[in-house]
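With the working numbering as the guide, the letters of the sequence shown map in order to residues 744 to 1238. Ideal Cβ placement from N, Cα and C applies to all residues, glycine included.
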Amino acid sequence: MNDQKRTFLAIALSALVIFAWQYYFTSTTPASSESASKQTVSKDIDTTMIPVKDDSSKSPLPAEEAVAGASLVVSDFVVAGDRVNFLFASDFSILRVDGREDPKQTFSEIVVSKNPFLRISVIEGDKVRPLNLTILSKDNSSYLLTDSSLGVKVSLNFDKKDKLQYVIDSARPYQYQIEMNAKETAENPTQQFSTYLYNGASVERIVIGKDDVESEEPIRWVGIDYNYQLLSMVFVDKISAKVNIAKEGPAIIRLLEAKNNLSGFFVYKRKDYDDLKALGGQLHLAVDFGIFGIVAVPILKGLKFFYKIFPNFGVAIILMTILIKIITFPLQYKSYQSMKKMQQIQPELNKLKEKYKDDAQAIQRETMALFKRAGANPMGGCLPILAQFPVLIAFYKVLSAAVELVNAPFYGWIHDLSVKDPYYIYPIAMTLSMVIQQKFTPQSTTDETQKKIMMFMPFFVGFIMKDLAAGLVIYMFVSTLLGMIQQYWQMKMAD
């Protein structure tokens, strides 16, 4: 491989790194939604929705005070669990959700909207009929309601896992429509709902205010994802549905099968991976670890394991980095050995280039023969490093998607490992450590252009990392320090 080809390869690899970082490590900011939205539904369905008043500004009433009496039409009512309250309206819509233990977990404080977050209606012919519920019986954590005109009964009941279970029974089979609404808050435009979710063949994430979607497939659950919180409606089994999500409107999910019984549960949870998995219904897939989820999940479990021993996620990241370094040691060792061999045969390569400088084919032929005799592989130093790239991406996805690390402090000035270092101290330290590590790394080339590219790479990586999560930078910094120690040991062993 001549110098021009080597230079081109180095540039191509640099471009690949740039593309990969931009693709995997650039978070998408959802487009802002307008305060009022059009109610967009399937083109073949007309609607006659009852308008719902804006109850987002008032505190939820106790269940006993929410209704005047069992014989009256319900106006709005609270179903209270151990850790969460759901405020419903008589048309079976969720107006408000409150976390009882954490005031920050309140959808209506995040959102100001005249529309409910989620509403369930009956489809009759080409019309969408909202339910008009009255109370048959109730206590603090459960309700039994009915719409006598449609012959529909609704049971709502909290279980021990804080799932609000629902059962909808009807005298004759009905199709149902689910409408989801999400808007940004007027008080703080920087806080926004990020996506509508539905779990079909895979979990589809629809950026609110950005995408138009129409699909038809079996789905297991639908939901609204706000940063690290999830409001979801889960079905007992997958149900065939038509999904319409308009850029400027709500998400409309029309169930295609007419049923006498529809059951499942509502849930409002912080997106803790293990908690969601324990709830069932494949809700844990709402935590987006990307294509390297198979690597990210063990990393998350490892971090939580170390956190139980040392209750600081910064310390857990360092210990996890050490473990990853131990696991990948054979790859690192192979990379070092390959680069060392390339360094040793470099004088012979230079002689071949001088001897056959006018015959490119001869240079290539003799170079390959030299590689074979020496047992050297010019790509041997790169491939083990590239093989570790999925670990880096997975680590980033864990830090960006796992709610466990939100507001998790380290020591000193790092108060949240999921956001950037405010003073850029760790990015600078990481960059300097990478520069020093290069001094320990065997040089497999004498080409000046390639050397300059390699000298530039630590600063390039440091520039990219400066605005990423502090936890990820700490991982890179500690990993580089461990790499320096490993290379120093290998140099001593070689001597």
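Could you tell me the alpha carbon to alpha carbon distance between residue i and residue j, rounded to whole angstroms?
i                  : j                  : result
tyrosine 1154      : phenylalanine 1114 : 49 angstroms
threonine 1223     : asparagine 1150    : 25 angstroms
proline 961        : serine 945         : 10 angstroms
lysine 1014        : histidine 1158     : 21 angstroms
valine 1038        : leucine 1066       : 14 angstroms
serine 1176        : phenylalanine 1220 : 7 angstroms
leucine 1225       : lysine 906         : 45 angstroms
valine 895         : leucine 1028       : 32 angstroms
alanine 1213       : glutamate 867      : 54 angstroms
methionine 1200    : glutamine 1181     : 10 angstroms
phenylalanine 1049 : glycine 966        : 32 angstroms
leucine 1022       : lysine 1083        : 52 angstroms
valine 827         : isoleucine 1136    : 34 angstroms
methionine 1063    : valine 1146        : 18 angstroms
leucine 1095       : isoleucine 1069    : 39 angstroms
leucine 804        : phenylalanine 820  : Note that leucine 804 scores 34 on pLDDT, short of 50, meaning its location in the model is unreliable; the coordinates nonetheless yield the value given after this. When rounded, the distance between both Cα atoms is 8 angstroms.
serine 958         : valine 865         : 20 angstroms
lysine 722         : glutamine 1229     : This structure cannot speak to residue 722, because the chain is shown only from 744 to 1238.
leucine 1019       : leucine 974        : 12 angstroms
asparagine 987     : serine 913         : 26 angstroms
phenylalanine 1009 : phenylalanine 1132 : 38 angstroms
serine 891         : glycine 1033       : 47 angstroms
glutamate 1109     : phenylalanine 1202 : 36 angstroms
glutamine 1104     : lysine 1098        : 12 angstroms
phenylalanine 860  : aspartate 968      : 12 angstroms
serine 884         : valine 822         : 5 angstroms
methionine 1111    : lysine 1100        : 16 angstroms
lysine 796         : alanine 925        : Any reading at lysine 796 must be qualified, since the residue scores a pLDDT of 34, below 50, and its modelled position is unreliable; the value itself is stated next. Those two C-alpha atoms are separated by around 16 angstroms.
phenylalanine 1072 : leucine 1046       : 20 angstroms
alanine 1119       : proline 1152       : 46 angstroms
aspartate 902      : methionine 923     : 24 angstroms
glycine 824        : aspartate 882      : 11 angstroms
Once DSSP output is grouped into helix, strand and coil, what is the label at residue i?
i                  : result
isoleucine 1168    : helix
isoleucine 1070    : helix
alanine 914        : strand
glutamate 1147     : helix
tyrosine 1154      : coil
isoleucine 951     : coil
alanine 1029       : helix
serine 818         : coil
proline 873        : strand
threonine 771      : For threonine 771, the pLDDT reaches just 37, beneath the cut-off of 50, and the residue's location in the model is therefore unreliable, leaving the point undetermined.
leucine 1046       : helix
tyrosine 886       : strand
phenylalanine 1056 : helix
valine 965         : strand
serine 802         : For serine 802, the predicted structure reports a pLDDT of 37, less than 50, and the residue's modelled location is therefore unreliable. A value from the coordinates is still provided. Three-state result, serine 802: coil.
glutamine 908      : strand
aspartate 1210     : coil
valine 1162        : coil
tyrosine 971       : coil
serine 1081        : helix
serine 880         : strand
Taking residue i as the reference, which of the options has the closest Cα?
i               : options                               : result
alanine 1172    : Phe1206, Lys1051 and Asn1120          : Phe1206
threonine 938   : Tyr909, Ala989, Phe901 and Gln918     : Ala989
serine 734      : Ala1039, Ser898 and Ile995            : Past the boundaries of the shown model lies residue 734; the chain is included only from 744 to 1238, so the question cannot be answered.
glutamate 947   : Asp1031, Lys903 and Ser891            : Asp1031
aspartate 841   : Phe835, Asp834, Phe829 and Ser833     : Phe829
aspartate 955   : Glu991, Glu922 and Pro1170            : Glu991
isoleucine 921  : Asp912, Arg839, Pro993 and Asn900     : Pro993
tryptophan 1156 : Tyr1167, Glu1147 and Ala1105          : Tyr1167
tyrosine 1139   : Glu1147, Ser1161 and Asn1120          : Ser1161
leucine 1129    : Ser1078, Lys1098, Asp968 and Val1141  : Ser1078
arginine 872    : Phe901, Asp834 and Asn924             : Asp834
lysine 870      : Tyr917, Thr889 and Tyr909             : Tyr917
tyrosine 1016   : Gln972, Tyr909 and Glu1097            : Gln972
tyrosine 919    : Asp882, Phe901 and Ala984             : Ala984
lysine 1012     : Val1216, Leu1215, Asn1120 and Leu1026 : Leu1026
lysine 1044     : Lys1209, Asn875, Leu1148 and Leu888   : Leu1148
serine 818      : Gly824, Arg862 and Leu876             : Leu876
valine 979      : Met1234, Glu1000, Phe1053 and Gly1024 : Gly1024
leucine 887     : Ile837, Tyr909, Leu893 and Lys1209    : Tyr909
serine 900      : Ser880, Arg1116 and Leu893            : According to the sequence displayed, residue 900 carries asparagine and not serine. Residue Ser880 is the option with its Cα nearest to asparagine 900.
Any heavy atom of the ligand MN closer than 7 angstroms to the CB of residue i?
i          : result
valine 827 : For the ligand MN, the structure offers nothing, since it holds no ligand at all.
If I'm right that residue i touches residue j with Cβ under 8 angstroms, what's the distance once you round it to whole angstroms?
i               : j               : result
isoleucine 1179 : methionine 1236 : Contact doesn't hold; Cβ gap of about 20 angstroms is too wide.
valine 977      : arginine 963    : 7 angstroms
tyrosine 1218   : isoleucine 1060 : 6 angstroms
isoleucine 911  : asparagine 1004 : 7 angstroms
valine 1134     : proline 1170    : That pair is no contact at about 20 angstroms.
Every unbroken beta strand (DSSP E) within the region 1083-1115, with a cutoff of 3 residues, ordered by chain
none
Beta strand (DSSP E) runs wholly inside the region 987-1032, at least 3 long, in chain order:
Here the runs fully enclosed are 994-998 and 1002-1013.
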